[in-house]
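Below is one structure, written out as structure tokens, with a few remarks after it.
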Amino acid sequence: MGVVTPRTTTCPKQDRSRATRRRLLQAAVSCLAERGWRGSTVAVVAERAGVSRGAAQHHFRTREDLFTAAIEHVAEEWLATLREHARTLPDSGVPRTRAVVEALVGIYTGTLFRAALHLWVAAADEAQLRPRVMALESRIGREAHRLAVEFLDADESVPGVRETVQATLDMARGLGLATLLRDDTARRTAIVREWSRLLDSALRREG
Numbered sequence: 019m020g021v022v023t024p025r026t027t028t029c030p031k032q033d034r035s036r037a038t039r040r041r042l043l044q045a046a047v048s049c050l051a052e053r054g055w056r057g058s059t060v061a062v063v064a065e066r067a068g069v070s071r072g073a074a075q076h077h078f079r080t081r082e083d084l085f086t087a088a089i090e091h092v093a094e095e096w097l098a099t100l101r102e103h104a105r106t107l108p109d110s111g112v113p114r115t116r117a118v119v120e121a122l123v124g125i126y127t128g129t130l131f132r133a134a135l136h137l138w139v140a141a142a143d144e145a146q147l148r149p150r151v152m153a154l155e156s157r158i159g160r161e162a163h164r165l166a167v168e169f170l171d172a173d174e175s176v177p178g179v180r181e182t183v184q185a186t187l188d189m190a191r192g193l194g195l196a197t198l199l200r201d202d203t204a205r206r207t208a209i210v211r212e213w214s215r216l217l218d219s220a221l222r223r224e225g
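Given below as structure tokens:
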């Protein structure tokens with residue numbers, strides 16, 4: 019009778035490891051959004067994720083590793099959702115433009131932006147954090163801009179179009195900042211509606 023090779027347990031272990039890592043990343047974003055940088059330690063995140071501090075440090079050697087990875091992870095999830103959302107956009111005209119603007123504004127009015135903002139502010143004072151955050155912010159910004167151009171069907175070879183698209187993202191960021199202290203839904207809705215009309219007119223005129 020031949021030797022029976024025992025079944026490997028590598029896959030279940032890898033699955034558990036991935037699940038633990040995902041819980042840590044999601045807990046890190048939630049903690050950062052609610053407590054800010056000073057109140058968000060590895061121990062606090064580990065407790066919220068339901069894992070030991072040792073397990074957290076197995077996945078992320080430093081606090082900076084954990085929180086930059088968390089923002090990157092959630093941003094990638096958001097971008098993937100936005101790409102999927104593109105399939106349901108209206109075909110053309112102001113309705114499509116408004117749907118795109120609303121989706122972009124969504125970047126800056128949720129938990130991700132609140133958490134990222136705390137990380138951005140901390141980076142101004144934390145020298146070891148600053149290069150990571152700058153690189154991360156730049157990459158996310160480029161991808162958001164690229165998707166905005168794609169979804170708006172904007173021709174950036176036309177003078178002024180690139181700046182117009184970037185102004186839309188900057189406007190969305192400003193609306194997100196206004197939302198941090200109060201419910202600004204009514205004002206935001208009116209601004210998005212009017213900006214979408216102006217944006218669509220500008221893009222079609224330039225094209």
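In case it helps, this note's numbering puts the sequence shown at residues 19 to 225. Where is the CB? At the ideal position from N, CA and C, for every residue including glycine.
If you check the CB distance, HIS136 and LEU43 do not come in under 7 Å. Using a 10 angstroms sphere on the CB of SER219, the tally of other CB atoms stays under 16, which defines it as exposed.
The residues ALA51, in chain order, have a CB closer than 6 Å to that of THR129 in the same chain once the five nearest residues on each side in sequence are set aside. Within the segment 55-120, the complete alpha helix (DSSP H) segments at least 4 residues long are 60-67, 71-77, 81-103, listed from N- to C-terminus.
Each of GLU174, THR80, THR207 was checked against the Cα of GLN146, and the nearest Cα belongs to THR80.
Across the structure, THR59 and GLU155 are spaced so that their CA atoms are roughly 22 Å apart. Closest by C-alpha distance to MET152, out of THR207, ILE89, LEU187, ARG132, is ILE89. Between ALA121 and LEU100, the CB-CB gap stays under 7 Å. ALA140 and ALA46 have their alpha carbons spaced roughly 15 Å apart. Across the structure, LEU170 and LEU198 are spaced so that their CA atoms are roughly 27 Å apart. With 16 or more other CB atoms across the displayed protein chains lying within 10 angstroms of its CB, VAL63 is buried.
With contacts defined as CB atoms closer than 7 Å, VAL183 and ALA190 fail to qualify as a contacting pair.
Residues of the same chain with a CB within less than 7 Å of the CB of ASP143, apart from the 5 flanking positions on each side, do not exist. The straight-line gap separating the alpha-carbon atoms of GLU65 and HIS163 is approximately 36 Å. Below 8 Å, enough C-beta pairs join the segment 206-221 and the segment 110-117 to call them touching: three or more. In the three-state DSSP reduction, ALA142 falls in the helix class (H, G or I). A straight line joining the alpha-carbon of ASP83 with that of SER110 spans about 42 Å. Listed in chain order, the non-local C-beta contacts of ARG41 below 8 Å within the same chain comprise ALA67, GLY68, VAL69, local neighbours out to five positions each way being set aside. With distances taken between CA atoms, ARG205 lies nearest to VAL123 out of VAL123, PHE85, ARG160, GLU174. Of the residues assessed, VAL176 falls on the exposed side of the cut-off, its CB having fewer than 16 other CB atoms within 10 angstroms. Here the alpha carbons of PHE85 and GLY72 stand approximately 16 Å from one another.
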